[in-house]
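First comes the structure, then the notes that go with it.
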Amino acid sequence: MKPEEKARIKIDQMFIDAGWAVVDRDHYAPNITAVAIKEGLLKGNLEADYFLFINGKAVGILEAKREEVDVSNNTVCEQAALYVRSVPNCYQAYMKPLPLIYQSNGNVVQFKDYRNADSDYLELNRIHTPKEIVRMLGIKDFYAGLPVLRKKGLRDCQYEAITELEKSFRTGQNKALMVLATGAGKTYTACLAAYRFLAYTPMKRILFLVDRNNLGKQAEGEFGRFRLTENGDPFNTIFTVNRIRSSKVPQDSNVVISTIQRLFSLLKGEDIEDTDNDEEYDDTKEIEFPTNPNLPPEFFDMIIIDECHRSIYGNWKKVLDYFNTAKLVGLTATPVPETKAFFNSNTIVNYTLEHSIVDGVNVDYRVYRIKTRATEEGGAILEGDKLKRATVYTGKVENISNKEAKNYTKEELNRSIINPAQIKLVLETYRDAVYSEMFNEPQREPDMNYLPKTLIFALNENHATNIVRIAKEVFGHENDDTFVQKITYSSGDSNELIRQFRVNREFRIAVTCTLVATGTDVKPLEVLLFMRDVASEPLYIQMKGRGVRTIGDEQLRNVTPNAFSKDCFFLVDAVGVTEHDKKITPPSDGPTTKLITFKELLERITHGNLTDDNLRLLAARLSRLYNKSDQSQRNKFIELAHADMKDISGNIYTAIEQDSLPPYVDINKPNNERKGLVVNIANYPEAREYLLILNAGFVDTLQPGEDTLISKGFSIEEAQITTSAFEQYCEEHKDEVEALRLIYNNNGSPITYSLLKDLENRLKMANNRFSQSQLWNSYTIVHPKHVKIRSTKEEKDALTNIIQLVRFAFHQIDQLESLYPVAQQRFNLWYGQTQRNITEKQIEIIRQVVNYIASNGACSIKDIREDDKTRASQLIRAFGGVATADEALVSLSKFIIYRKIA
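Residue numbers (this note's numbering): 3 to 904.
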């Protein structure tokens, strides 16, 4: 390497360390914040060794010399001064001549502020950062001080998100949307954005909006752990991070964490308690800003909105609009069209769940379907059946005997009808399949005490309670309050419960409704059991996202000792949630229409508020209650009101339709005709209370109930779609993808590790279902008699499984099985059949690479050397040279993979 090159390497690194990008002229782009252009073109065909630009405008040059050159001599100084005066007119510049001169030989850096041409050079031995230059030159560009972002420590999607965010703000955009899949590190990305804007721009205060209070605590912890800072110190030791706990925000706060509801309470000056419970607000009521809000509208420079698909609409949009000078950044994994519109369609990164699975950021899932008669079809309650009836309005519980036979639908199941037998059957089916059909490749030790961490989605609080009770029985933990627990808003400290679910070996099943459905990170989670249906597409994606997180093998075994690794998670579908299209419900732009409660309506009717609308509402409610009541309930109402519900409703409808009522003008008028229509309700409080009881309904628990299993297992249709698509891909690309070509030709040509990795990556990019694990599982479902289950982790992880899958797809083999378990047997056949003389020492040495070939494909001495230099040397010595050793390895590889003699 020439002396000049050595110096340039050191100077390049100085620029990089100071936050600059170093590029040649062809790779310059004006959106790079701080860039040093190598061999920058000047007037008169002069070239600056490094031509320095901040946000597209020239600020200075660096003159580079060999290490032995004294950069302070007059010749170097005069040359540098000439360069700063030679800026072509085609370049933007902050001023001319350029103000900054650097001179360096890689060991010494000298600096001069050329605005004072007579000033002396200063020895710095470093390059100024962009922020220092902005301050030095008084540059007003808001974002000019941002250093170039380094990829180290970041995922590609995070690097893209921050880079594009800064570009977007520099071009004048005030809103930006980041679509990042669950598990891709949204909060970490937000921490990085907050750090860079607080550290390198004039921003002083950032608001981080979370969807729920318990997620605010998680975000606060994430800011405390964030260390991708200039000196590696935690974020919260450099900037002040405060979660809103009271009605005052400390003035020194740099990052404020809150829900939008809590922020609104703060603006109004209301008392705020530090609790996990989310504030309850009437979304149908127009919110009114106080005359003098507690914070000025310019208080925040930027607002980062987590889970922004839920929190930026209706009433709450007004809170964001109040802070009208703040930049807005949205974070979501599930944007709806209205979300994109709110952010002016400025989506700066779109990193989907499918993309994250291909990249290995997240794991994919397999669907295991359980169908029972009650779940699919509903059931019947016969006359005389024993029921436990809970009256929802009063909370009264009583044991009764059913008086008349009736059917219940699958939609009523776990709402108004509880069938314990259905819950028990689903849980028993899951229990019996979890080790025999799910975690059997490789076979996990069937220890129910270490059941894979399972999250069950329940329909409501009552359903969740029943699931917990029955799961204790099914899994043999009746007297154990740890094994299965409910995590809902009624469960106490939800943050602590979620933490325990992450780390406690004894806590195996969590049951939730929505609290753990979004935004909660439990990496050891391996099974999601849906015992409730979901209609919303964004919610369904969020719920699935609870299972996708990756985790290291040792971390997983710390919580689940019998586990091997988390290569996928299982979605156990007990309700058909995977089998229908979901919908995206557009959010409201304004307050939701106020819906009057039945109790409020009855109160208005009783006091004589008898408008046509109120009468119509009453008639409709009475008609609905009549139709859903049984005869004994109708008779009881007649007994209390001295009139039939159906008659009261019918009389009201008739009077309104025939326009026989005098107009309703005022509540203080007699309105006798109208009062006559409702006299049997207005005059009998017991009748009104009974109507409220009927309206709230009853929950009937069958004692004990019954259900039968219709089917269980993985989806054959889905597996067939996957295998057919794979076979089509192999056929269509067998001439252009080298590994496919070699396998198709089947002539014994070496298929190496690099060829297999290339094919593996191509398959993942073509279809996220084309991982070897998913393909093997799919073929197991489609051709169960022709696929051998991989019984060890080594078999499952072998890269050569791809060869077997492709050969099976090409119908070259009848049985799909891993090469790994038969490799040693084939080795014995190989050295027994070979015609060459082979010594015991050679056999001993080459036997050590058999498993390497069975896992990674054909290899040479060069490949072995990269894996184990000592073993490579032993092979070379044993076979008398590299060429002979390579010949033996090629022959062995061919026999193990193709069972052909070379």
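Even glycine gets a Cβ: it sits at the ideal position worked out from N, Cα and C.
Residue i, enclosing alpha helix (DSSP H) - first and last residue
i	result
residue 682	674-684
residue 297	Element bounds for residue 297: n/a, residue is neither H nor E.
residue 432	422-435
residue 366	Unbroken run through residue 366 is the beta strand (DSSP E), 366-374; no alpha helix (DSSP H).
residue 900	884-900
residue 239	237-240
residue 223	215-227
Beta-carbon proximity of residue i to residue j, cut-off 9 Å
i	j	result
residue 35	residue 150	yes
residue 449	residue 352	no
residue 683	residue 604	yes
residue 651	residue 622	yes
residue 745	residue 860	no
residue 546	residue 573	yes
residue 175	residue 348	yes
residue 720	residue 780	yes
residue 877	residue 851	yes
residue 514	residue 473	no
residue 750	residue 902	yes
residue 268	residue 274	yes
residue 794	residue 858	no
residue 778	residue 758	no
residue 333	residue 191	yes
residue 874	residue 867	yes
residue 766	residue 775	no
residue 517	residue 215	no
Residue i, buried or exposed, once every other Cβ within 10 Å from all chains shown has been counted against 16
i	result
residue 594	At residue 594, the pLDDT of 47 sits below 50, so the modelled position is not reliable and the matter cannot be decided from this model.
residue 300	exposed
residue 592	Residue placement at residue 592 cannot be trusted, given a pLDDT of 49 that sits under 50; the coordinates are not used to answer.
residue 16	buried
residue 11	exposed
residue 130	buried
residue 487	buried
residue 124	exposed
residue 660	exposed
residue 568	buried
residue 312	buried
residue 633	exposed
residue 607	buried
Extent of the continuous beta strand (DSSP E) run through residue i
i	result
residue 189	No beta strand (DSSP E) holds residue 189; the alpha helix (DSSP H) holding it covers 188-202.
residue 570	570-575
residue 865	Taken as a continuous stretch (DSSP letters only), residue 865 belongs to no beta strand (DSSP E), being part of the alpha helix (DSSP H) at 863-869.
residue 476	First-last for residue 476: 463-476, but that is the alpha helix (DSSP H), not the beta strand (DSSP E).
residue 352	349-353
residue 859	Neither: residue 859 is in no beta strand (DSSP E) and is coded neither H nor E.
residue 770	Taken as a continuous stretch (DSSP letters only), residue 770 belongs to no beta strand (DSSP E), as it is neither H nor E.
residue 175	No beta strand (DSSP E) contains residue 175, which DSSP labels as neither H nor E.
residue 106	102-106
(message) Taking 8 Å as the cut-off, does the segment 692-701 touch the segment 413-433 (at least 3 CB pairs, one atom from each stretch)?
(response) Yes: the two stretches touch, three or more of their Cβ pairs being nearer than 8 Å.
(request) Output the residue ranges of the alpha helix (DSSP H) runs that lie fully inside the segment 824-851 and measure 4 residues or longer, sorted by chain position. (result) 825-835 and 842-848
(request) Count the CB pairs spanning the segment 442-459 and the segment 367-387 that are closer than 8 Å, and state whether there are at least three. (result) no
(message) Under 8 Å, with one C-beta from each stretch per pair, do the segment 386-396 and the segment 565-585 reach the 3-pair mark?
(response) no
(request) Please specify which runs of the alpha helix (DSSP H), each continuous and at least 4 residues long, are wholly inside the segment 481-518, giving them in chain order. (result) 496-505
(request) Output the residue ranges of the beta strand (DSSP E) runs that lie fully inside the segment 530-559 and measure 3 residues or longer, sorted by chain position. (result) none
(request) Decide if the segment 177-191 is in contact with the segment 349-369; the criterion is three or more beta carbon pairs, one per stretch, under 8 Å apart. (result) Between the segment 177-191 and the segment 349-369 there are three or more inter-stretch CB-CB distances shorter than 8 Å, so the stretches are counted as touching.
(message) So, does the segment 727-739 touch the segment 880-887, judging by three or more C-beta pairs under 8 Å?
(response) The answer is no - the segment 880-887 does not touch the segment 727-739, with fewer than three Cβ pairs under 8 Å.
(message) I'd like to know if the segment 51-63 and the segment 86-104 are in contact, where contact means that at least 3 CB-CB pairs between them fall below 8 Å.
(response) yes
(request) Inspect the CB distances between the segment 139-148 and the segment 160-177 and report whether three or more fall short of 8 Å. (result) yes
(message) Closer than 8 Å is the cut-off here; do at least three beta carbon pairs connect the segment 534-553 with the segment 504-512?
(response) no
(request) May I have a chain-ordered list of the beta strand (DSSP E) segments no shorter than 3 residues that lie completely inside the segment 6-38? (result) 23-26
(message) Whether or not the segment 192-202 and the segment 217-235 are in contact is what I'm after, with contact meaning three or more pairs of Cβ atoms, one per stretch, closer than 8 Å; do they touch?
(response) yes
(message) Within 8 Å, do at least three Cβ pairs link the segment 422-436 to the segment 484-501?
(response) no
(request) Please specify which runs of the beta strand (DSSP E), each continuous and at least 3 residues long, are wholly inside the segment 242-275, giving them in chain order. (result) 243-245 and 257-261
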